[in-house]
Each structure stands twice: as structure tokens, then as C-alpha cells.
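Read the structure below first, then the notes.
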Amino acid sequence: MLTNEQIGFYRENGYLRVEGAIEPKPLAAMQRVTADLIERSRTITDSDDTYDLDDGHTPDTPRLTRIKLPHTRDAAFSDVLYSQRLASILKPLLGPNIRLHTSKLNTKAPGGGAAVEWHQDWAFYPHTNDDILAVGIMLEDVDEVNGPLMVVPGTHKNPVLSHHRNGVFCGAIDPADPLFERDKAVTITGKAGDMSIHHVRVLHGSAPNLSDRARKILFFELIAADAWPLMGVAGVYQGLSAPEMWGRMQGNIICGEQPTIPRLAAIPVSMPLPPPPDATSIFKVQKSGGAISAFA
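Spelled out as C-alpha cells, the structure:
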């Protein structure tokens, strides 16, 4: 589904926008399910296995940062994940064997929905190679004012910046880092059904949502299956035995098969250790780790 020009753009810049990636029927199904999940969150008073609550969440005004693992909550999401349409977009970038790392639906609430500080996903889950990316499916229109994703093109080829502060992993870079060239950032906007793709090492973040509309983006983090985790990744493989980890990896294959031999690449690596006090989500990592905000 991708043109040679699009593939080349992704390789060079570390990101891509694909217009009309999701057809109207599956898009409408995901929109309905998302609205229902948000409605059901009204009775939730604390973050749990399904919801990460944002500040100010009440039964009258539900405010979420995230719906966790949406592909396990409803077939509307898993049908898109396992679709031939998505596979046709991913295979030119990741190869024939592709594994899901995780999924999340960031539902950045209107009127100040939480920012995501600048970071590289690679700092959270290093692997034996970096043929790893995140797909962001826009469930609603995304524009300049409702907290769009921003990336710094080309940074997937640069060093991994420090994501530590005061001796612990904080899940964000220091905005004063001389290697952070904020003036080169580009904003990825689009219509519902459009898709963003960003490389695991590209610097990215998103400002608070200051509009009166939610910013709902479904993220699938996807990996070339010959990329093996360098350590037990929190929330995915951490604490699993070897047979359990192998079973999880096989179970997360979305197309092709899981190779038994990892592919090693000479790429820079850092580890998300020591962990912060709360590592249950990126929002908690950045807050409890004392990340310095670039959006304050």
C-alpha cells in the first residue's frame, strides 16, 4: 500500500503520515467502542487495568489519559490490528514477520489533557535491532490545538539521549539537552482514519490538549519479529519465565512467524534502569521520575 516515495521518506525522516489508512466502516466501529469505553469510565475512581485516569476525572466529566490494551477490549480494534490492510502498510517497513509489542488508546481529554514529554520509545524497550515503530490511528480529527503528535525528523539516526534524572529513569529527555533541536520539530495532523508512523528512535512528544475536543489516537507498537528484547520489558515480558516469554512472543505475532534466532544490529542502547517509583504508564514514569516539562 505504501509507495516507494513513502518508504524512502520514512527511512530518511523516521516518520510518515498515511492518509485514509483506515476505511470508514472499521473506523466507525472503533469510534463507537471508544465512546462506550469512555462512558463506562464514569464509575471508575482510580486507574486500573483498563483505564489511566487524568487529573480532574469525575463521573460527570470523565477524563482519561489512556485506555490500556484496547485490542484486548473489543474486536473493533483487534480486527484492524490483524487486517491485511495494516499488514500491507507494515511489511515494506518491518518485513514479513511482525510482532505486536503493545497497544494503547491515548484519549487526551479536552481542556488540558496531559502532555507527553519529549522522548524516544527506544529508551523504554531496547531490543537486538531497531526495526520497531509505532502506528498512530487517528480516531478523530487532529489539528494544531488538540495536542497533536510532534516529531523531530532524522533523530532515529542520532544518539539515544539521556532519559534519566536524579539517578533514575524518568522517561523523557531534558529539554535543555544541546542535542534536542526543538526548532526542527514537525507536527503530524490529519483527519479521522489517517495514520502516523514513527520509528522507535525518533524524538517525539505532544503538548496538552487545550481545545474543547478530545484527541483520540489508537497506537499499535510493532516490531520486526527477529528483534528480541534485551531485558524483561515492564508490562510485556517482565517477570516471565523463558517458556512464558516465548509463548507471549508467539502469541503476539500479527503476521508471519516468530524466528528463533535474533538479528543483532550495531546501534546505541540505554536501559530504563534504575526504575522510577511508579512505572505503570509513561505518564506515571515521567511524573514520578521527575521529568522536566518542555510544555510548562
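With the numbering used here as the guide, the letters of the sequence shown map in order to residues 6 to 301.
Every residue, glycine too, gets a C-beta built ideally from N, C-alpha and C.
Requested in this report: Please state whether DSSP places Leu105 in a helix, a strand or coil.
Outcome: Looking at Leu105 - three-state DSSP - the assignment turns out to be strand.
**Report entry** Whole-angstrom distance between Ser88 and Ile94, CA atom to CA atom
**Finding:** In a straight line, the C-alpha of Ile94 is about 10 Å away from that of Ser88.
Query raised in the report: How many angstroms separate the CA atom of Ala26 from the CA atom of Asp179?
Result: Whole-angstrom Cα-Cα distance: 34 Å.
Requested in this report: Quick one: measure Cβ to Cβ for Ala271 and Lys113, integer angstroms, because I've assumed they're closer than 8 Å.
Outcome: Actually they do not touch by this definition, with Cβ atoms about 37 Å apart.
Requested in this report: Taking only runs that begin and end inside the region 22 to 61, name each unbroken beta strand (DSSP E) of 3 or more residues, in chain order.
Outcome: Listed in chain order, the complete beta strand (DSSP E) runs (minimum 3 residues) inside the region 22 to 61 are 56 to 58.
Query raised in the report: Which one or two residues does DSSP pair with Glu226 in a beta bridge?
Result: Answer is Thr107 and Ala139, bridged to Glu226.
Query - Tyr87 - DSSP class collapsed to helix/strand/coil - result: In this structure, DSSP gives Tyr87 a state outside helix and strand, which the three-state scheme calls coil.
**Report entry** Buried versus exposed, by CB contacts within 10 Å (16 or more), Pro273
**Finding:** The residue is exposed, with fewer than 16 neighbouring Cβ atoms inside 10 Å.
Query raised in the report: Hey, Pro234 and Val191: beta-carbon distance below 8 Å or not?
Result: It is not a contact, given that the beta carbons lie outside the stated cut-off.
Query raised in the report: Which value, in whole angstroms, describes the spacing of the CA atoms of Lys30 and Arg22?
Result: Computed Cα separation, rounded: 20 Å.
Query raised in the report: Quick one: Cα of Cys175 to Cα of Ala128, how far?
Result: A direct Cα-to-Cα measurement between Cys175 and Ala128 gives close to 10 Å.
Report task. Assuming Arg206 and Asp231 form a contact by the criterion Cβ under 8 Å, report the distance between their Cβ atoms to the nearest whole angstrom. Result -> Between the beta-carbon of Arg206 and that of Asp231 there is about 17 Å, and that puts the pair past the 8 Å contact cut.
Query raised in the report: Shortest alpha-carbon distance to Pro282 belongs to which of Ser293, Phe288 and Ser275?
Result: Distance from the Cα of Pro282 is smallest, within the candidate group Ser293, Phe288 and Ser275, for Ser293.
**Report entry** Per-residue burial, Pro248 [other beta carbons within 10 Å of its own, 16 or more giving buried]
**Finding:** Per the 10 Å Cβ criterion, exposed.
Query raised in the report: Does the region 142 to 162 come within contact of the region 196 to 213, defined as at least 3 CB pairs closer than 8 Å?
Result: Look at the beta carbons and you see the region 142 to 162 touching the region 196 to 213: at least three pairs across the two are nearer than 8 Å.
Requested in this report: Identify whether Val314 lies in helix, strand or coil by the three-state DSSP scheme.
Outcome: Shown here, the chain extends from 6 to 301; a query on residue 314 therefore has no answer.
Report task. In angstroms with no decimal places, state the Cα-to-Cα distance between Asp136 and Met6. Result -> Roughly 19 Å separates the two Cα atoms.
Query raised in the report: Which same chain residues, not among the five before or five after Glu186, have their C-beta less than 7 Å away from its C-beta?
Result: Taken in chain order, the residues that qualify are Val157.
Query raised in the report: How is the alpha helix (DSSP H) around Met155 delimited, first residue to last?
Result: Not the alpha helix (DSSP H): Met155 falls in the beta strand (DSSP E), residues Leu154 to Val156.
Query raised in the report: Of the choices Pro213, Ile287 and Pro264, whose alpha-carbon is the least far from that of Ala299?
Result: Closest option to Ala299, Cα to Cα, is Pro213.
Query raised in the report: Taking the alpha-carbon positions, what's the Val150 to Pro115 distance?
Result: Val150 and Pro115: Cα-Cα distance of roughly 10 Å.
Query raised in the report: Between the region 35 to 42 and the region 68 to 84, do three or more beta carbon pairs fall short of 8 Å?
Result: Taking a contact to require three or more Cβ pairs closer than 8 Å, the region 35 to 42 and the region 68 to 84 qualify as touching.
Query - Range covered by the alpha helix (DSSP H) that runs through Met250 - result: Its alpha helix (DSSP H) spans residues Ala247 to Gly256.
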